[in-house]
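Here the structure comes first, spelled out in C-alpha cells, and everything after it is commentary.
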Amino acid sequence: MADVQKLFREYVRLDRKRQKSTLSQREFERWSTLKQQLNATFSPTTRPDAADRRESVRVPVNLEVHFQSSGALQRCLLTNLSRGGVFISTRSPAPIGTQIKLRIVVDEGSTEIEVPGEVVSHNVGRDFAAQGSGMGVRFVDPGPKAAVALERIYEGALSGGPKRPR
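Counting in this note's numbering, the sequence shown runs from 4 upward without gaps.
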C-alpha cells in the first residue's frame, strides 16, 4: 500500500499542475502512466478505455453519505471518489437524472460537506459485485467551500483517511 500511496501522491501533484497550467511532454507521459496504473489498481474491473475517459482517478473511500430519495432520507456508504463525483452503495438508487443534495460525513460525524449532484449511472463501479446495487453521482457546481473540502478528502484518501476540511 505504501507504494500505491507514493504513486497516488505523485499523480495528485502532476494532476494539480495539469489543471492549473501545462505539463511538459515528460510530465504528461508520467501523469498518463500513473493514471493508468492507479485505475488498474483501484478499478480492476473497469475497461481501460472507460477509465481513460474519466477526468481523474477514482480512489477508494468509506464515508457515510445522506441524501433524500423518494421522500425518504437515505443513509448509505460512499465507496469511491473522484474529482468529479462519487459512487454510493445503495439498494435503492435514485433514478438516473435525479438531482440530489449529498451530505458527506467526514471526521467521524463532526463535519459534513453538502454538495449538489446528479445521478448518472446505476450498478457500476469497482465494488458492484461485492456491494450489490449502487449509483454514480456527478457533482454539480459544488461551490468553492465544498470543492476545497472534497479536494482535501480526495488527496488524503490513501493516507489513512480524509483530511479535515478548513
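For each residue, glycine too, the CB sits at the ideal point set by N, CA and C.
Residue i versus residue j - alpha carbon distance
i: residue 37; j: residue 91; result: 25 angstroms
i: residue 80; j: residue 155; result: 19 angstroms
i: residue 95; j: residue 70; result: 11 angstroms
i: residue 72; j: residue 29; result: 46 angstroms
i: residue 51; j: residue 76; result: 35 angstroms
i: residue 146; j: residue 57; result: 21 angstroms
i: residue 21; j: residue 33; result: 12 angstroms
i: residue 148; j: residue 42; result: 28 angstroms
i: residue 55; j: residue 86; result: 14 angstroms
i: residue 24; j: residue 48; result: 32 angstroms
i: residue 5; j: residue 159; result: 13 angstroms
i: residue 144; j: residue 151; result: 12 angstroms
i: residue 17; j: residue 35; result: 10 angstroms
i: residue 27; j: residue 78; result: 44 angstroms
i: residue 130; j: residue 12; result: Here the model assigns residue 130 a pLDDT of 46, short of 50, so the residue's position is not dependable and the matter cannot be decided.
i: residue 142; j: residue 117; result: 11 angstroms
Same chain, Cβ closer than 6 angstroms to residue i, neighbours up to 5 away in sequence not counted
i: residue 115; result: 106 and 108
i: residue 122; result: 97, 99, 101, 138 and 140
Residue i vs residue j beta-carbon contact at 8 angstroms
i: residue 88; j: residue 140; result: yes
i: residue 45; j: residue 68; result: no
i: residue 8; j: residue 161; result: yes
i: residue 126; j: residue 113; result: no
i: residue 66; j: residue 40; result: no
i: residue 84; j: residue 14; result: no
Proximity test, Cβ basis, 8 angstroms: residue i and chain C
i: residue 16; result: Judged by its chain identifiers, the structure shown contains no chain C, having just a single protein chain.
Exposed unless 16 or more other CB atoms sit within 10 angstroms - verdict on residue i
i: residue 64; result: buried
i: residue 169; result: Only weak support is given to the placement of residue 169: the predicted model assigns it a pLDDT of 39, under 50, and the question is left unresolved by the model.
i: residue 59; result: buried
i: residue 19; result: exposed
i: residue 82; result: buried
i: residue 31; result: exposed
Cβ neighbours of residue i in the same chain (closer than 8 angstroms, five flanking residues each side left out)
i: residue 103; result: 70, 71, 72, 97, 119, 120, 121, 122 and 140
i: residue 124; result: 99, 138 and 139
Closer than 7 angstroms: residue i CB and nearest the ligand ATP heavy atom
i: residue 17; result: As far as ligands go, the structure on display features none, and thus does not contain the ligand ATP.
- Within the stretch 47–83, note down every full beta strand (DSSP E) run reaching 3 residues or more, in order along the chain. Those beta strand (DSSP E) runs which fall completely within the stretch 47–83 and span 3+ residues are 62–72.
- Task: Scan the stretch 82–113 and note each continuous alpha helix (DSSP H) run of 4 residues or more that stays entirely inside, going in chain order.
- Result: none
- Secondary structure, beta strand (DSSP E): runs of 3+ residues fully inside the stretch 115–159: 137–142
- Task: Just list the alpha helix (DSSP H) runs in the stretch 22–51, keeping only unbroken ones of 4 residues or longer that don't cross its boundaries, in chain order.
- Result: 28–45
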